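Read the structure below first, then the notes.
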Amino acid sequence: MSTNKGSHILEVRGKESAELFKALASDTRLEILTLLAEGDKNINEICLACGIAQPTATKHIQVLEQAGLVTSEYMPGQQGMQKRCSIGCDRLLISFENLVGSDLKMDEVSMPIGLYTLANPSPTCGLANRERMIGFVDIPQSFYDPERAGAQILWMADGFVEYVFPCTLPSTAELRRLELMMEICSEAPNYDPDYPSDITLWINGVEVGTWTSPGDFGGKRGLLNPDWWIDHMTQYGAQKIWSVDQDGAYVDGTKVSDVNLERALVVPNQPISVRIGIKPEAEHPGGFNLFGSGFGNYAQDLVLRLHYLGRKISVQHQPGALIPSGRGSEQ
Numbered sequence: 074m075s076t077n078k079g080s081h082i083l084e085v086r087g088k089e090s091a092e093l094f095k096a097l098a099s100d101t102r103l104e105i106l107t108l109l110a111e112g113d114k115n116i117n118e119i120c121l122a123c124g125i126a127q128p129t130a131t132k133h134i135q136v137l138e139q140a141g142l143v144t145s146e147y148m149p150g151q152q153g154m155q156k157r158c159s160i161g162c163d164r165l166l167i168s169f170e171n172l173v174g175s176d177l178k179m180d181e182v183s184m185p186i187g188l189y190t191l192a193n194p195s196p197t198c199g200l201a202n203r204e205r206m207i208g209f210v211d212i213p214q215s216f217y218d219p220e221r222a223g224a225q226i227l228w229m230a231d232g233f234v235e236y237v238f239p240c241t242l243p244s245t246a247e248l249r250r251l252e253l254m255m256e257i258c259s260e261a262p263n264y265d266p267d268y269p270s271d272i273t274l275w276i277n278g279v280e281v282g283t284w285t286s287p288g289d290f291g292g293k294r295g296l297l298n299p300d301w302w303i304d305h306m307t308q309y310g311a312q313k314i315w316s317v318d319q320d321g322a323y324v325d326g327t328k329v330s331d332v333n334l335e336r337a338l339v340v341p342n343q344p345i346s347v348r349i350g351i352k353p354e355a356e357h358p359g360g361f362n363l364f365g366s367g368f369g370n371y372a373q374d375l376v377l378r379l380h381y382l383g384r385k386i387s388v389q390h391q392p393g394a395l396i397p398s399g400r401g402s403e404q
């Protein structure tokens with residue numbers, strides 16, 4: 074799936090269209106799209122215009138976001154932060170090229186946010202799990218405390234974290250798209266909804282692009298936050314979907330660079346490194362908060378999805394079976 078930023082064309086290839094058709098198979102969601110085509114709206118405005126309850130509107134918006142038809146940002150409002158929704162495209166293009174006789178498949182890996190392989194934080198910084206803070210606040214060394222494996226939120230005013238994901242696709246697979254989902258926002262002392270931060274993503278050491286977070290979100294408790302988490306601290310982030318395909322890189326369907334899968338050195342059967350951080354020369358060096366499945370508003374860790382063509386071949390080791398000495402399982 075890709076978006077032509079100039080003409081706002083959403084292009085969907087083959088079976089990727091399933092989520093799109095699901096999103097369009099609702100009179101209410103079609104009404105919401107018609108409403109947003111007239112201009113940006115917040116959730117309350119959508120509720121009033123469509124005559125639906127807020128939880129219902131939120132669910133419909135999430136379906137439209139997943140299909141790339143709607144984009145959303147949290148922005149300051151009269152009563153704190155509000156979710157502002159925009160139309161994601163004005164035209165749709167569904168392509169079935171190169172899919173004759175082939176099935177588009179997907180592999181997904183969920184990575185706990187504490188299982189980074191490298192971290193370079195600068196204060197303000199810290200980590201916490203569901204029960205307590207990990208180590209000491211504003212002490213970068215705490216990022217290497219063994220308990221960091223269970224972290225559910227981490228934050229830093231500057232620096233980066235880097236993860237390594239497995240890529241188990243065989244050499245016969247043709248990788249079509251990589252997606253990385255995360256809940257993230259800026260990092261200000263306590264919280265500040267008007268605190269922009271240029272957050273950059275690197276894949277295999279290649280800079281993919283930058284998204285500017287509008288602020289550090291608080292004032293309303295995150296849906297998943299434990300009771301001990303203090304109200305005046307960061308509460309939740311924005312769910313962002315980074316994607317890289319054969320044509321370039323995107324954030325929520327909006328193109329951010331021409332870096333494609335080939336330039337990002339993403340190939341089957343090779344590990345994939347993912348770095349999230351702030352560039353030294355960033356115009357808005359506002360740090361970041363990264364949320365796991367037990368903090369914020371979204372019950373997910375870092376999620377990497379690989380969309381590919383071709384058959385994935387695997388061999389399962391049966392429990393109790395012996396592996397000859399000096400040899401591992403073969404694929």
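Numbering (the numbering used here), first residue to last: 74 to 404.
Don't be surprised by glycine CBs; every beta carbon is placed ideally from N, CA and C.
Remember, it's a predicted structure, so these values are computed and weren't measured experimentally.
Helix, strand or coil at residue i according to DSSP, with G and I counted as helix
i, result
"L93", "helix"
"P463", "Because the chain spans 74 through 404 in this model, residue 463 falls outside it and cannot be assessed."
"A140", "coil"
"S270", "strand"
"S316", "strand"
"T245", "coil"
"Q391", "Reliability of the predicted coordinates at Q391 is poor, the pLDDT of 43 falling under 50, and the value obtained from them is presented with this limitation in mind. Reduced to three states, the DSSP call for Q391 is coil."
"S366", "coil"
"F216", "helix"
"T285", "strand"
"C123", "helix"
Span separating the alpha-carbon of residue i from that of residue j
i, j, result
"L93", "D218", "43 Å"
"A140", "C162", "11 Å"
"G369", "L296", "6 Å"
"P194", "D271", "16 Å"
"H133", "L142", "11 Å"
"V210", "N362", "14 Å"
"Y189", "R203", "18 Å"
"P185", "M254", "12 Å"
DSSP beta-bridge partners of residue i
i, result
"I105", "Its beta-bridge partners do not exist; DSSP assigns none."
"S346", "V237"
"F361", "M229"
"M306", "Looking at the DSSP assignment, M306 forms no beta bridge with any residue, so it has no partner."
"G199", "W228"
"D180", "L379"
Option in the options with minimal Cα separation from residue i
i, options, result
"G310", "P299, D320 and D289", "D289"
"V317", "L274, A355, L251 and F361", "L251"
"I160", "G223, L334, Y371 and I105", "I105"
"E256", "L121, A91, S145 and L97", "S145"
"R102", "G150, G365 and C158", "C158"
Residue i beta carbon near the ligand GDP (any heavy atom closer than 8 Å)
i, result
"L165", "As far as ligands go, the structure on display features none, and thus does not contain the ligand GDP."
Contact check, residue i vs residue j, beta carbons under 9 Å
i, j, result
"V332", "E260", "no"
"F238", "P344", "yes"
"G199", "Q225", "no"
"G350", "M154", "no"
"R221", "G232", "no"
"V329", "G282", "yes"
"L379", "M179", "yes"
"Q373", "S183", "yes"
"Q308", "W302", "yes"
"Y371", "C258", "no"
Residue-chain proximity (residue i, chain D), Cβ-Cβ < 9 Å
i, result
"Y309", "Absence of chain D from the displayed structure is noted, only one protein chain being present."
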